Structure formats: structure tokens, C-alpha cells
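Undergrad: Got a structure for you, questions after.
Residue numbers (the UniProt record's numbering): 1 to 360.
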């Protein structure tokens, strides 16, 4: 197992991709060189499962860009990039509204907030006066409900790896006996935890742990971030969402009142994540209210939303192309396909090699 990491100067940059070298040293101080991603979201390297999903979407972008380049010889590289980005963005939006949100919110809330994608035609509900900015309550508390769903381990190539052992550790991505294929298969095969007041100690005691017993606490970070951002307390948000009655298990609510002493002081994250789920959903009514309002604003306030009509719209043929789920097919292909060795870093932002040599 590797002991610590050091960042080195990046080794490959061109107009399309950039990568940096990550140097690992094992217990006998032999340095090994790996490559990590440099993309718009710096969190990509925090966990191999996250890096795998980013890589799948990146490969889908490259696959679409290659196809567009073959079809449109007159297009510049910039136009090809922009159009491929637009298509991949639409695929992600479709997955979010058509598959993800219904599981989280349930059909009643999906319908009441107009979140379901259309079965045909264009969405004509764009509102120029709708602000699609991300709400503080959404990003600081409600959309962090997924932290309660984290498992203790990552299923990988027939084994279980504790989460604390793979944080900021890309070694599994380079395993030519599994790599991203095995990571993705493990994610598909594994059932997440339910959303409740319990969060695995892998992230409440061992988050980004570098020395045994000295990890961070993700739940505590969430609570403190909410206070730092100045978001209202739980009962105020619950009232603003018109949520009435007791929406907690009595023992959980009693514990919250015992900890905080004054119910009006209860923080949004711990109270929201421990609510009883809404019918057909995974989260309670207060978090469901916040998340539904946010995605409604993102749909109605974004003129680039993939179902919209207008000058930036997809043609109906392209709309159907997105809706049938291109990425599903790509996921299936990538799970079943072995990683090629010696893949060019500058082509795909990763280097995969059958052997890893010590750096001299």
C-alpha cells in the first residue's frame, strides 16, 4: 500500500488535453509514476469510481467528436468540439431528468414540478426571467444527501476495497487485469446504502486519511459548511417548503432535539438527510422540495436545455438520438471491453501500461 503522494510537473499538454504526473512512493521509497486527469472538476482524482465516470463521459465525447469529424469535413476543430460537447451535455441532462431524478424524488414530485422529459416534440417552457443559478441550500445541504448512500467498500475485480484505501489513489485505474472496466462493473453490481441518519465511518472518520486514525469527517464538514454559508436552519426551510407534520422517525427527532437542545437551531443537513422518504423516492420532503425547485429552475431557466426549441435546438432526429440513450450503449461496451495497453496519454488523458517501471 502506498504511503503518501507528491505532485510533479505536468508531462503532456496539447491543445486538447492536459495531464499531470503523480509520483507515489511505497514503503521502501521506490518512486512510481502515474498520470492523473486535469479537467474542469478538480475532484476527479479524489476517488477511482469518480475518475472512471469522468473518463467514460470523456471517451463518449471523443467518440462523438470523431464521428462528427468524419461526417463534417468542413468543420473546424473548435466547431467539432463544441457540437460534441453539446451532445454529451444533452445525454447527461436526459439521464438526469429521465432516470436519476424520478428515483430520487418519486413520480408525484416529478409531475408537480414539471420535471419529466417529453416523449416527443420540444419543450416550450423556457422562461427568460427564471434564475437557474444554484441555490445555497441545494449545494450546501440538500444535494449532499448522497453522502448517506456511500458504501463501506468498492467492489473491484472480485474483491472489496475499503473506501479509505482508495481516496486519492489511482492505482486501480492502472490495473491491466481490471481497471476502469472492473470499477464500473463494481458500481453497477453494488447496491447503495439508503438515505438516512447513518453515514459510513469510511467518510466520517477516515476521509482522505493519510495516517491511521487521522481522517476527516464528511458529515461534520457538511454541517460546518452550512453554518459558514449562512443557510437558514432546518425548521425555517421546512416551513418555506410547506412541509407540515412529523416527517422523522420519533427516535431520530428526539435525538436531534437532545443534541441541539433548541429545535429552532437544528442544522439543515442532519435533519434533512434523516427525514422519512417521500412516496416513491429516496429522500424526505424538505430535501425533495429543494432539489425539485433547483432542477425546475435549471430546466426552465436554461435556454440551452436539450429539449428546448429555438435557434440552439437539436433537430427532432438528434433529440430522438439523445433520448434513446447513447451513453447506455457506451457503458455496456466499456464494461465488457478490456482496456488496451499503451493507450496514448495525449489522446485519452490516461496512460495504461502492462507494466509500471520505477522512475529513474
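Built from N, CA and C at the ideal position, the CB exists for glycine as well.
Quick caveat, the model's predicted, so the values are computed rather than measured.
Starting from the C-beta of residue 208, find all residues in its chain whose C-beta is less than 7 Å away, skip the five residues before and the five after it, and write them out in chain order.
TA: The answer, listed in chain order, is 167, 168, 215, 216.
Undergrad: Can you grab the Cα-Cα spacing for the pair residue 22 / residue 88, in whole Å?
TA: For residue 22, the pLDDT reaches just 43, beneath the cut-off of 50, and the residue's location in the model is therefore unreliable, although a value from the coordinates is still provided. Their backbone Cα atoms lie some 29 Å apart in a straight line.
Undergrad: Pick out whichever of 203, 44, 49 has its Cα sitting closest to the Cα of residue 221.
TA: For the residues 203, 44, 49, the minimum Cα distance to residue 221 belongs to 203.
Undergrad: State the DSSP-derived secondary structure class of residue 115, mapped to helix, strand or coil.
TA: Reduced to three states, the DSSP call for residue 115 is coil.
Undergrad: Between residue 257 and the rest of its own chain, which residues show a CB-CB distance below 6 Å, the 5 nearest in sequence each way excluded?
TA: Counting only Cβ-Cβ distances below 6 Å, and skipping sequence neighbours, we find 263.
Undergrad: Would you mind working out which of 94, 68, 97, 92 sits nearest residue 83, comparing C-alpha positions?
TA: Looking at the Cα atoms, 68 is the closest of the given residues.
Undergrad: Thinking C-alpha only, which one of 191, 114, 121, 129 is nearest residue 152?
TA: The option with the nearest alpha carbon to residue 152 is 191.
Undergrad: Measure how close the beta-carbons of residue 149 and residue 193 come, nearest whole angstrom, since I'm counting them as under 8 Å.
TA: The pair is a contact, with the Cβ atoms about 5 Å apart (cut-off 8 Å).
Undergrad: Compare the C-alpha of residue 119 against each of 314, 307, 312, 315 and name the closest.
TA: Ranking 314, 307, 312, 315 by Cα distance to residue 119 puts 307 first.
Undergrad: Please check the pair residue 50 and residue 44, which I expect to be a contact at CB under 8 Å, by giving their CB distance rounded to whole angstroms.
TA: That pair is a contact at about 6 Å.
Undergrad: Just curious, the beta strand (DSSP E) that residue 55 is in, first and last residue?
TA: Unbroken run through residue 55 is the alpha helix (DSSP H), 48 to 71; no beta strand (DSSP E).
Undergrad: My understanding is that residue 361 touches residue 176, with C-beta atoms under 8 Å, so please give their C-beta distance in whole angstroms.
TA: Residue 361 lies beyond the stretch modelled for the chain, which goes from 1 to 360, so this question has no answer here.
Undergrad: Straight-line CA distance for residue 232 to residue 268?
TA: Those two C-alpha atoms are separated by around 7 Å.
Undergrad: Just list the residues that DSSP pairs residue 216 with in beta bridges.
TA: Bridge partners of residue 216: 207.
Undergrad: Determine the direct distance from the alpha carbon of residue 170 to that of residue 331, and round the result to whole angstroms.
TA: A caution first: residue 331 carries a pLDDT of 44, below 50, which makes its placement in the model unreliable, though a value can still be read off. For residue 331 and residue 170, the distance between alpha carbons rounds to 20 Å.
Undergrad: Nearest to residue 91 by alpha carbon, out of 70, 56, 103?
TA: When each option's Cα is compared against that of residue 91, the closest is 56.
Undergrad: Could you check if residue 85 is buried or exposed, using at least 16 other CB atoms within 10 Å of its CB as the buried criterion?
TA: Flag for residue 85 reads exposed.
Undergrad: What does a CB cutoff of less than 8 Å around residue 241 pick up in its chain, not counting 5 residues either side in sequence?
TA: Contacts found: 285, 286, 289, 290.
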